[in-house]
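In what follows, a single structure is set out as structure tokens and then discussed.
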Amino acid sequence: LFISLEHAKFHSLGSGEIQTSINRKSRAVSEIIDLFYFLGTVPAIIVNVTLVAYTAVTIKIAIWRNKMRLDLNDATVKSAIALYDSLSNYDTVAAFNNESLETERFDETLKGVESHSNRLWRSFYLLNFLQRVTFSMQTASIIFFGTYGIYMENMKPGTFILYLTISKILALNLDKLGYMYCRYWSAIINAKMTYFISMKVKGKEMLPIAEFSDRIEFKDVNFYHGAKKIMSNMNFMIKQSEKVALVGKNGSGKSTLLKILLKYNNYVGFVTIDGEDKKYQFSEQLRRLISYVQQDALLFNYTVRYNIKYGNTDCLDYFMISLCKKMDIHDSIMKLRDGNNTVVYCSLQHKVREHGLS
Ligand SMILES: Nc1ncnc2c1ncn2[C@@H]1O[C@H](COP(=O)(O)OP(=O)(O)OP(=O)(O)O)[C@@H](O)[C@H]1O
Ligand SMILES: [Mg+2]
């Protein structure tokens, strides 16, 4: 114990702790020696064999589990990236009605986390099972030879009962496994529930909106960011096919106005499309009707293809490529490492922008 004790470790331990540890170790050694003494050569072999088997199984499975834990960590990072991506690009996600696509993408990454986590836990149960089997075999052998020892009058009944108690303690530990298994599943289910509740869309008393045929109107619209008033009594009307440019200083509220129209923000007053109050229209249908390109779009941490097809996920590669050629960006994409399959990492975001992809 003292040979392996570092100086810093020594000071972090209480002397009582060291004393207990020494007692425990010496008790364990004396118990093993007792066992050899009372039960003779055959049980000594059994104890040694089971101890070696126990150590080997524990070390082997622990190494195997370390690899699984790394895989799980990778999967968790991927999942966090997907979620962060969707949330930081939420305006784009909502503008293209791609909430369900993003949910699916995130769910896909969650599958990875789930499967690695399942493997990790299963291996944990396997480890426990094998450990218990080893101990159970040891206990069964002790019972067998103990009974034989008492019968032959080589062993005291008290010693025999001591070893039976050890076997009972082992059985009690199995109960803890069941408890941990239940906790694990309830944690997974809770995590999933929280995510899906937050993605639920309220659709009560909503009117459908399929087309825009006449006018967009803002009447006495006021908008606040917290206590700060951003828009005060905004009134205007835009007729169909009119081309309108909204000009204003930085921070004057141009983007905010568009976000109000797309129902990203709550406001006071009336915004109507063809005379219907927008508050009572489904945001999904509204965003299908209005095309919105936000001023600082980020690219998703996914393939170039995924980013280009974002507005129309059903688009065939053929059309996508012909469009890219038309916009003179196809050659630039082909120069990337994996062409359209190149994953857009942070460093690539700038490069792709330079080539005019965003
Ligand atoms: N999430 C927010 N929380 C608090 N204030 C905000 C938020 N978003 C915008 N604002 C404030 O609202 C005001 C209007 O911002 P908005 O982005 O609409 O301006 P903008 O006219 O689009 O500016 P720019 O020309 O820079 O695009 C600004 O004063 C800005 O500071
Ligand atoms: Mg703006």
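For the sequence shown, counting from 1, position 352 maps to 352 in full-length UniProt numbering; every step adds exactly one.
Ideal Cβ positions, reconstructed from N, Cα and C, are used throughout, including at glycine.
None of the values given here were measured: they were computed from a predicted structure.
Proximal residues to residue i (C-beta, below 8 angstroms), its chain only, five neighbours per side dropped
i: residue 334; result: none
i: residue 105; result: 82, 86 and 302
i: residue 339; result: 304 and 333
i: residue 229; result: 222 and 223
i: residue 124; result: 65
i: residue 134; result: 50, 53, 54 and 57
Start-to-end residues for the beta strand (DSSP E) that takes in residue i
i: residue 217; result: 215–225
i: residue 230; result: 228–239
Beta-bridge partners of residue i, as assigned by DSSP
i: residue 272; result: 217 and 277
i: residue 134; result: Paired residue(s): none; residue 134 is not in a bridge.
i: residue 343; result: 303
Where residue i falls, given that 16 or more other Cβ within 10 Å makes a residue buried
i: residue 102; result: buried
i: residue 92; result: buried
i: residue 313; result: exposed
i: residue 86; result: buried
i: residue 267; result: buried
i: residue 253; result: buried
i: residue 307; result: buried
i: residue 147; result: exposed
i: residue 196; result: Low per-residue confidence applies at residue 196: pLDDT is 41, beneath 50, and the placement is therefore not dependable, though the value from the model is reported in the following sentence. Exposed is the call here.
i: residue 263; result: buried
i: residue 161; result: exposed
i: residue 189; result: Any answer about residue 189 is weak, because its pLDDT of 49 lies below 50 and its placement is not dependable; what the coordinates show is given next. Its Cβ having fewer than 16 others within 10 Å, residue 189 is exposed.
i: residue 257; result: buried
Residue i - containing alpha helix (DSSP H), residue span
i: residue 251; result: Neither: residue 251 is in no alpha helix (DSSP H) and is coded neither H nor E.
i: residue 246; result: Where residue 246 is concerned, there is no enclosing alpha helix (DSSP H), given that its DSSP letter is neither H nor E.
i: residue 288; result: 283–289
i: residue 324; result: 317–326
i: residue 333; result: 330–335
i: residue 92; result: 90–95
Cβ-based neighbour list, residue i, same chain, cut-off 6 angstroms, excluding 5 preceding and 5 following
i: residue 116; result: 71, 72 and 75
i: residue 244; result: 238
i: residue 342; result: 304 and 336
i: residue 95; result: 287 and 292
i: residue 143; result: none
Same chain only: Cβ atoms within 7 angstroms of residue i, ignoring 5 sequence neighbours per side
i: residue 311; result: 96
i: residue 174; result: Because the pLDDT at residue 174 is just 45, under 50, the model does not fix this residue reliably, and the value given afterwards should be weighed accordingly. Only 132 meet the Cβ criterion.
i: residue 78; result: 109 and 112
field: Any residue whose CB is nearer than 7 angstroms to a heavy atom belonging to ligand 2, listed in chain order
entry: 254, 255 and 295
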